[in-house]
Structure formats: structure tokens, C-alpha cells
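One structure below.
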Amino acid sequence: MMRFLLTLVAAMTLWVFPATAQQGGPLRLEITEGVIEPLPVAVPDFVADTPAAQDYARNIARVIAADLTGTGLFREIPAEAHISRIASFDSPVQFADWRAINAQALVTGAVSLDGAGRLVARFRIYDVFAGQELGRGQQLVGERDGWRRIAHKVADQVYSRITGEGGYFDSRVVFVAESGPKDQRAKRLAIMDYDGANVQYLTDASAIVLAPRFSPTGDRVLYTSYETGFPRIYLLDVASVGRRALPTMEGTMAFAPRFSPDGRTVLYSLTQGGNTDLFTMDIASGASTRLTTAPSIETAPSYSPDGRQIVFESDRSGTPQLYIMGASGGEARRISFGPGRYGTPVWSPRGDLIAFTKQSKGRFHIGVMRVDGSEERLLTASFLDEGPTWAPNGRVIMFTRETQGAQGEARLYSVDITGRNLRQVPTQGGASDPSWGPLQN
Amino acid sequence: MNTGQIISGAGHLAVIGWALFGGAFRTDPPPLEVVEATAISAEDYAALLAAQGAPEAVANVNTPEPPAPGEAAPVLGSEADSPPILSQPEASTTPPPDPVPSPPEPVPSPAEVSDTAPEVSPPSEDTAVLVPQVSPRPKPRPAPRVAPEPVAPSEPDMRVDDVARPEIAPDAGAVIEETPQEETAPEEATTEIVTEAEEPRDPAPAASLRPRARPARPEPARTETTAAQPGLQAPPATDSAAVSDALAAALGQGAPTPERPAGPPLTAGEKDALRVAVQRCWNVGSLSSEALATTVVVSVRMFETGKPDIASISMLNHSGGSAAAAQQAFEAARRAIIRCGADGFDLPPEKFEQWRDIEMTFNPERMRIK
């Protein structure tokens, strides 16, 4: 009887206590719906500590603002709307003035030239509404002609501190620069900053070049050239522009090369006797290893970031679809099952997504899917979209878009993995086959 | 047998006897009408008729004179009628032949009536022979801003603000001076991200679904079983919350404890208003994928003016992501509280004790799938 009474008392206590505790506690709310819109950011011109740094101070701020707004995640508040002026890098920030114009982030900086004539840039990032600095201020030193890289590095820091993701502004893209009419188009390898600036040509237009691919460290490029009449794979050193053809067997065609994550191996397609299979080649020794033996066409391979798996395109089921297999070959697992034809898969640097080209109902799309094939989402749609490549942070995809007709031209475009912020990458002429390199040191 | 019974029996007998023999059940025939008549013979009847109808005879009759011989025949004064014009009838167009009547559809012979009721099967949802092209679900228009509620684009020259405000122009004739106010409207927004591939190509549906057959008559309601049936839509959360609050208020569960005297608890509407005010400024567009998978619980102490004490905003805990991602998520939440609380949240002052301390859980799960 006593046990029963104790149990009853305990139960009553447990029943009553939560209610009283809830009454005495704070008001609790759950926020599940928000908005997705660009974050308003103010980037006033940097302070020029020396008169010679005046132009650099203004131009660096403009490039930072362009980098941030180009992501689609930020919206710059124009200088005309600024109430407060940054007269000194070390003076306190009047947060109320920046709050009044709804600036949620503020980037301030100063530029000077040191005794050796090098550019010195200092910057700070503020959370305006919290009234505090985000992280600590930093200083960058570089050559004068490298002022754009300094600006990109500052923008990378701002982007990283606010979003929590790595930046991608201080990176380069290797691509095929195209010129001339469509039936006589000249193609050259070229390299540029991610935003289209600082274009440098790596080859001349004497031979058709295709599908350049950056090495993981960004110092080398693999590409396919028809210099000999047959497609062959070449390895080019970016700094010296020196190149050499990788060894291959007579009567075969090698193409679609891609580096392994450690940069020591080349994964490529080889057509021999009318059949196309996947191979790897040790760059140092030139020794090749066959990975597939199927009678179908296997091509467009890409390593996973850890180098343990390969995603590729195969028509073994009748139409081109995407498959994943181990890095040393073996059983392949199909991951694409939607209607249409899939191709050119590329594994995200984060390892969570695979970008691809899809042809369906007369249109081309760039899309992404999980590595198990789920959550497929098409990001673009046009007459011809193809050849996706990932930004170093795995957040943005660049690809080729070609317009229809005799006057049609290929251009480079980028899009966020959410499908937002589709925009053209500025290039002087036609451009195709982009390969996004890593962040520079 | 007592006297009463005797009297009663005698009375009954008297009444029955009167009814039987007094003519109570006898009806008298209606009185007949008597008419006097006289019998006559057939000869007399014929003579009587002849005397009444015979006409009188006429003696003198005027006869016309015959024409004299040799007189010319009289000229007919009337002109001859012109021959009638025969007009040909207009050729009428041959009317189109009547459509061949379609043979009547055979009327199904009535089924034999049986005592057992036929089984009524519910109509199948996908029984159309020609599967129509399903009209796509209307996609929201692409817009740079994604918000819980769609917002139509405003006028080009209208200032964008978090809330819509009507324009207040100074009125020269008004006695009461009004503070001029610029008309504002929220920024154009859609409810989800619309990629280029998802943009609707043609808003008009190619075909519409065949109307569904009338559903089978519902079974008699059995409350004890329908409540447990899966697939039934739950009532809106707001309704249930309102009902819960009403029940709580009725049962006295919302009464403050003696240790914490305060006004009545916030109603569901007041809580929702606060929630909406915060989420209007909760911008997750610049968060990383990992931060978008991180839920943070943020504590804030409020002033009586409805403004948040910025220094008191802190992250109590987080789940679903790394510490760095939680920090990004917390900063976005903090910006939301400060930004939309800058002018003070619309909270009832008499219930200040109820909302002085607030814990907000920012769960971005729904925002990830947009």
C-alpha cells in the first residue's frame, strides 16, 4: 500500500512539475520560415594611406564588391547611400549610420605602398547590427600588378566569414578560346581569372584543342589535341607553357583526361578497335591500366575527391547514363534513371554532389544529383548547355552555353548549385570547355 | 351486485333499446316531386302537331317579263381580266439532309432485381482511357528574394521596405498635421527558388484532368475508427494551437504562478505575430550548406519597449552542424532579432513578464528544400 502511495505521489509530481516549469520559463518560439535574399553589404572605398595608392584603394574596393555581388548572396549598397564616411582605417565605426541604410555587413580597408614599392592592404569586416567586428583584421602584401589578386583574397575572407564556406574568387579557369566563323572556328587554350580578367593564351590556333583539365594544384593542364590528326592527350606546364604528349598506343584515340586528386594519375578514355573504355595512366612512368572491358562506350570519367571512386558515362543500358565504380574498376552501379541522356559527370569538391549534362525533350540542362542518384535537380535549360566544372568551394558551377544558328557562339556561364544567380562569365570572344582550378596560394 | 351497477345496466339497456326501436339507425327516404299527367291517343297527338306547323298558301306570284325578240345582246361592261402573271417560284436551296440519326444506344436491360444489395466499389482515380497531360502545378515566378509569402513586384519608383506603408502626403486643408510618409512595399518575393529549367514555358495548361467520378457514399461515421485512419489530413496547426490555447485558458493552465506574477499568457495570435516579425528578417540566403543544416537555440532578453537587449543575445545550444556552422547560423539569427526588433516588436506591454525572456529555436530545415 505504501509503495502504491509513493508511486502515486511521484507520478503526480512528474505530471505537475513540467507545467509549472513551463510557466516559469522563458517564452519559447520556433522559427522555421525565413527569407532567402542577398545580404546587404557596404564596401566603401579603401582609405589610401599614400597618394600613390589612391587608385589601388578605389579599384580594390570595387573588385571586392564585384566579387561579393557576383555570388548572388550579397547586394552592395551604393556609395551614394552611405551616411558615414570612412576617413581613417582605425577610427571607430558609426554603426548607427550603417544600420540606418540597412547595411548588414561592412568592409573597410586601407592601402599603402611600402618601401619596396609593394602594395599593402589592410581590411576589417563588421557585423553592423551586432555592432562588432567579424574575426580580426588582416593585412596582405603583394606586387602592384597583383592588386586584383589582393582584392580577390580580401573578398574570399569576407565571403568565408559571413557564409561559413570557403571562397573561390582567387582562382583561375582554363578554357578553350574560340574565334572565327562556326565552320572554321579557331580554338586555343587560354587561362583567366575566375571573373574573366587577365586572359593568357597557352597554345596557338594551329590545331583543335579540347577539354582542358586543371591539375589539383593548378600548375599543370591536361588537354586533348588533334595535332597529329588523331586525338592525343597532352600535359602542359602553366608557368612555362611547355608541353608533352602522354604515351599512347598506335591506332588508338585517347581523350577526356582528368587528374586524380593526388595529381599523379591520369584517368582517360581510349578507343581501340571501335570500342571505348576507361584507363588510368601513371604520369611518371606512362604505364596504363585498363579499368573497364564492356563492349559499350565508357567515357567522361571523374574521380571522387578522396580518389576512391569514379563516376563516368556509359551507354551499356542503351542510352548514355551515369555510373559509379571503384577507382580500380570492377562492378559499376548506375545512378541516373530519369528520362533523357546523361553525360559529362563531375564530382563536387565537397563530395556530396555530382554535376552532369542532361539532354531531354530537345533541350540541354546542367543539373546536380546526390552521389546515390537521388535529389536530381536541373539548374539550367537552353539550346545547348554542357561541360560543367565546379568552383573550388563546390558552391558554383561553370559550363558552356552555345546559342543556336549559323551565328551561334559558345560562351561561359556560371550558376549557383541552388539554381540561382545564372550569369555569363565575361570573355572577349567565344569560350567553351571550362575547367575551374583550385584556390591560388 | 350493488345499486350503482344496477342503475348503470338499466341505463345502458334503455339507451340500446331506444337506439334499436326508436329509429336511431333508420334513415327516411327523400320526398318525391309529384307531377300531374294526361294520357292521349296517337291520333290526337298527330292532329295536334299538324294544327301547329302547316303554312298558309300564297295566291299571287310576280313573274319577270321575257326579252323582246331582235334586241341585241347586252354589251358586257366589264373588261376582260388580264391573264395572271405566273411567277416562277424561286429555286429554293435544297436543305441539307437531316443528319442520320445515330442509332440509339442500346439501353441496357434492367438488371434483375435481387434481394442482395450490389456492392458499390469506389471509383478509381486513374481510369481515364486517354491519359490527359496533367497541367503542371503552377510554378512561382522567379524572383531574387524567397520568402514565406509571395510578394508581387511593386511599382518601379516605390521604395522597398520590410513592411508596406501607405503614402501620407501633407494635406494643406487638414487641421491635424500628419507626418508625411513615403509609400513603401516589400520587395518582390517568391516562395521557392525557381531555376531556369523549372521556369514555366507556357502558363496555359495543355489539358485538364478528366473530372473525377462522384465518390462513393461515405460510410456511416464511426468516430472511434476514423480518428486512427492514416492519410486523413490533420486540422491546421493554427486552429489546433488556438483550440489548445483556449482550452488552456479555460482550464486555468495559463494562470501565472505565485512566484512569477504576470499578465495573462500570450495568445497564439500574439506569438504568431512575434514569430512572423522575426522570420521576416531571418535571411538564410548567405548561409553555407552546413549552416543551413544547423538548428540553433538563441536566448534574448527584451526591454519593455519591445526592443531586444542586443548584449543579451546568446546561443544556448545547437544541433546538426559543426561549431563553425553553428556560429554562422547564430549570427544570421542574431541579425534577424536585432534588425526586425530595432523599432520594437509589437508585444502587449501588460504581458511583459511573459515575454521578457525569449528562447527562439531557428530551424532552417524548411529553407533547405527551397
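Quick note, the sequences are listed as chains A and B, same order. Under numbering that gives the first Met the number 0, read the first sequence as residues 0 to 440, first letter to last. Under numbering that gives the first Met the number 0, read the second sequence as residues 0 to 369, first letter to last. Ideal Cβ positions, reconstructed from N, Cα and C, are used throughout, including at glycine.
Helix, strand or coil, according to DSSP, for residue i in the structure here?
i: B/A9; result: helix
i: B/V128; result: Residue placement at B/V128 cannot be trusted, given a pLDDT of 48 that sits under 50; the coordinates are not used to answer.
i: B/W281; result: coil
i: A/Q199; result: strand
i: B/A240; result: In this prediction, B/A240 scores a pLDDT of 43, lower than 50, which makes its location untrustworthy; no coordinate-derived value is stated.
i: A/A286; result: coil
i: B/L19; result: helix
i: B/L231; result: The predicted model places B/L231 with a pLDDT of 34, which falls under 50 and marks its position as unreliable, so this point remains unresolved.
i: A/Y55; result: helix
i: A/D236; result: strand
i: A/T278; result: It is worth fixing the name first, because residue 278 of chain A is Phe in this sequence and not Thr. In this structure, A/F278 counts as strand in the three-state DSSP scheme.
i: A/T107; result: strand
i: A/I124; result: strand
i: A/P211; result: strand
i: A/F45; result: coil
i: B/T360; result: strand
i: A/I82; result: coil
i: A/Q93; result: coil
i: A/P470; result: Residue 470 of chain A lies beyond the residue range present for chain A, which begins at 0 and ends at 440; the question has no answer from this structure.
i: A/L28; result: strand
i: B/E148; result: coil
i: A/T68; result: helix
i: B/A245; result: Low per-residue confidence applies at B/A245: pLDDT is 48, beneath 50, and the placement is therefore not dependable, though the value from the model is reported in the following sentence. It is helical.
i: A/Y225; result: coil
I'd like the span of the beta strand (DSSP E) that includes residue i, first residue to last.
i: B/S313; result: 313-318
i: A/Q271; result: 264-271
i: A/I190; result: 185-192
i: B/T294; result: 294-300
i: A/S431; result: 429-438
i: A/F311; result: 308-313
i: A/I76; result: Run containing A/I76: none; DSSP gives neither H nor E here.
i: A/I323; result: 320-325
i: A/E177; result: 170-178
i: A/A244; result: 242-244
Are residue i and residue j touching if we call contact CB-CB under 8 angstroms?
i: A/G393; j: A/R349; result: yes
i: B/V275; j: B/F361; result: no
i: A/V237; j: A/S224; result: no
i: A/F311; j: A/L269; result: no
i: A/G306; j: A/A326; result: yes
i: A/R98; j: A/A109; result: no
i: A/I63; j: A/V153; result: yes
i: A/L378; j: B/T194; result: yes
i: A/R254; j: A/A206; result: Just to set this straight, residue 254 of chain A is Phe in the shown sequence, not Arg. Their beta carbons are not under 8 angstroms apart, which means A/F254 does not touch A/A206 by this criterion.
i: A/L201; j: A/A189; result: yes
i: B/A359; j: B/V283; result: According to the sequence provided, residue 359 of chain B is Met. The question's Ala does not apply to it. No, the Cβ-Cβ distance between B/M359 and B/V283 is not below 8 angstroms.
i: A/L133; j: B/Q353; result: no
i: A/I124; j: A/V140; result: no
i: A/K181; j: A/G407; result: yes
i: B/S311; j: B/R300; result: yes
i: B/A196; j: A/A380; result: yes
i: B/G262; j: B/K350; result: yes
i: A/E374; j: A/G366; result: no
Looking at the secondary structure, which residues open and close the alpha helix (DSSP H) in which residue i lies?
i: B/A332; result: 322-339
i: A/G328; result: Here A/G328 belongs to no alpha helix (DSSP H); instead the beta strand (DSSP E) covers 328-333.
i: A/M456; result: Outside the shown range of chain A (0 to 440) lies residue 456 of chain A, about which nothing can therefore be said.
i: B/E364; result: 364-367
i: B/F351; result: 351-354
i: A/S159; result: 146-162
- Task: Jot down the residue ranges of each uninterrupted alpha helix (DSSP H) in the segment 348-421 of chain A, minimum 4 residues, whole runs only, in chain order.
- Result: none
- Message: Can you pull out the residues from the segment 59-87 of chain A whose beta carbon lies closer than 9 angstroms to at least one beta carbon of chain B?
- Response: T70, G71, L72, F73, R74
- Query: the segment 319-340 of chain B: which residues have C-beta closer than 7 angstroms to a C-beta of chain A, in chain order?
  - Reply: A323, A324, Q327, E330, R333, R334, I337, R338
- Would you list, in chain order, the members of the segment 363-376 of chain A that have their beta-carbon closer than 9 angstroms to a beta-carbon of chain B? H364, I365, G366, R376
- Query: At a Cβ cut of 7 angstroms, what residues of the segment 146-163 of chain A count as close to chain B, listed as they run along the chain?
  - Reply: I161, T162, G163
- chain A contacts from the segment 285-296 of chain B (Cβ-Cβ distance under 8 angstroms): S285, L286, S287, S288, E289, A290
- Item | Members of the segment 406-432 of chain A that neighbour chain B once the beta carbon cut-off is set at 7 angstroms | Going along the segment 406-432 of chain A in chain order, one finds T417, G418, R419, L421 with a Cβ nearer than 7 angstroms to chain B.
- Short-range partners of chain B found in the segment 101-120 of chain A, where Cβ spacing is below 7 angstroms: Q103
- Task: Can you give me, in chain order, the residues of the segment 26-57 of chain A that have a beta carbon less than 7 angstroms from any beta carbon in chain B?
- Result: L26, R27, L28, E29, I30, T31, E32, G33, V34, I35, E36, P37, L38
- Message: Taking beta-carbon pairs under 9 angstroms, can you tell me which members of the segment 353-369 of chain B lie near chain A?
- Response: Q353, W354, R355, D356, I357, E358, M359, T360, F361, N362, P363, E364, R365, M366, K369
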